[in-house]
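Working notes for the structure below.
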Amino acid sequence: MSGAPPAGALETLIAALKVTSYSNYVALAGFALVIADYLHTFPDEVRYMWPARLSLPKLLFFAMRYYIFVNNIFNALYIFPRDASPELCHSRFFRAAMSCTVLVLGAEGILFLRVYAFSGRSKRLLAYLVVQFCAIHGTAYPILISFLNSMEYRQLPLRNLPCMPVTANATLLGGVFATLLEGVIIALVLMIFLANRKHHLALAVSGFKSPLLSVFYRDGIFYFICLSAILTTNIIITFTAPREYKLHFIQLAVDLYVILSTRMLLHLRQWAERDGLQEYQSGTFAARTMDGVDYSASHRPLTPIQFQDREAAAPMDTRWTSSTGARSTVETDIQMSTL
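Reminder that position 20 of the sequence shown reads as 20 in full-length UniProt numbering, one-by-one numbering, no gaps.
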């Protein structure tokens with residue numbers, strides 16, 4: 001056949017097609033994991049997130065929760081079509097990569113918000129975190145753009161083949177992951193420092209320990225460690241794996257970023273529901289270093305409205321007053337806390 005490629009080139013093409021298929025399978029596995037996680041946690045979303053008051057954590061939750069599906073659609077538009085031109089392959093990969101950056105920004109935003117909340121909403125620390133966030137991502141994304149521009153696609157000699165990059169400077173991609181890892185490590189160090197200095201002293205003085213505060217710290221450390229593990233894995237793959245395997249786990253890493261972030265917020269809301277009411281009723285929440293109102297769907301501060309005493313307003317059964325007066329007060333507090 002005159003139009004057939006040489007035997008050596010054909011073997012190389014078959015090997016590249018096999019590797020590309022493996023990479024696509026990993027991406028599809030990540031999408032399946034996203035769907036399974038969504039179905040598993042949807043009841044918790046309805047219970048803890050839908051009735052919660054509007055806040056930045058809630059906005060980030062829903063943005064990441066549902067934009068991940070859009071991101072995977074962009075990725076599917078890259079991996080599924082056949083016989084696409086080199087220009088179309090490059091533009092679709094560029095779009096999918098930029099879409100991934102939106103989700104990474106959201107996950108990093110949640111990470112920095114946790115540190116800010118754990119500091120007791122320190123304005124100084126907030127200013128530092130904003131500067132660090134801008135510095136980290138202002139460094140990472142120009143490197144990412146350089147990596148994307150280094151990718152090259154060519155017209156393949158055979159028909160019905162997916163998009164397969166011919167060359168790419170994977171060292172630049174490793175630089176992106178290393179820069180993001182630096183930001184995660186700094187945030188982790190800040191979290192541990194705050195726990196050892198501020199909260200350790202506060203708990204020693206007050207003589208009690210809040211389950212919500214403990215969950216906030218424990219989940220935060222676990223979240224940072226998982227993000228660090230994901231980034232470290234991609235750094236190792238980028239610098240040590242064979243050239244054709246360097247892009248294997250990027251989409252899966254982004255999917256795990258989103259799953260970890262949304263699950264962490266759901267878990268925190270769940271503990272806020274358990275722990276928040278007791279702290280409001282005991283009057284200790286105002287003096288705490290973390291405002292759990294932002295994480296509780298129902299236990300919000302009482303309104304300043306004052307009601308006339310019920311006995312003065314209308315007669316009531318004395319049996320109710322004597323036997324269940326204490327319970328009535330608690331139930332009123334619970335109802336008011338849901339306003």
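Every residue gets a Cβ at the ideal spot worked out from N, C-alpha and C, and that includes glycine.
Here the structure is a predicted model, which means the values were calculated and not measured.
DSSP links Thr167 through a beta bridge to Glu152.
One thing to note: Thr41 has its Cβ within 9 Å of the Cβ of Arg263. Taking the C-beta atoms as reference points, Leu60 is found nearer than 9 Å to Ile110. For Arg95, the enclosing alpha helix (DSSP H) has its first and last residue at Pro86 to Phe118.
Assigned with DSSP and collapsed to three states, Leu161 falls in coil, not helix or strand.
In this structure Ile14 is exposed. Its beta-carbon is surrounded by fewer than 16 other beta-carbon atoms within 10 angstroms. By the neighbour-count criterion, in which a residue is buried when 16 or more other Cβ atoms sit within 10 angstroms of its Cβ, Leu39 is exposed. Across the structure, Ser228 and Phe222 are spaced so that their CA atoms are roughly 10 Å apart. DSSP, reduced to helix, strand and coil, places Phe80 outside both helices and strands of the structure shown, so it counts as coil. Excluding the 5 residues flanking it on each side, Val115 has same chain C-beta neighbours closer than 6 Å at Ala187, Leu190 and Met191, in chain order.
In this structure, the straight-line span from the alpha carbon of Asp255 to that of Asn149 is close to 24 Å. Between Ile230 and Tyr257, the CB-CB gap stays under 9 Å.
Counting C-beta pairs closer than 8 Å gives three or more between the region 235 to 252 and the region 164 to 179, which meets the contact rule. Take the alpha-carbon of Ala96 and the one of Arg197: they are about 42 Å apart. About 22 Å separates the Cβ atoms of Pro162 and Ile35, ruling out a contact at the 8 Å cut-off. Only residues of its own chain outside the window of five on either side were considered, and among them Leu266 have a CB closer than 6 Å to the CB of Asp44, listed in chain order. In the structure shown, Arg197 adopts helical secondary structure according to DSSP, grouped into three states. The region 21 to 35 and the region 63 to 74 touch, with no fewer than 3 CB-CB distances between them shorter than 8 Å. Taking a cut-off of 8 Å on C-beta distances, the region 81 to 94 touches the region 140 to 159, as three or more cross pairs fall below it. In this structure, Leu173 sits near Leu144, with a CB-CB distance shorter than 9 Å.
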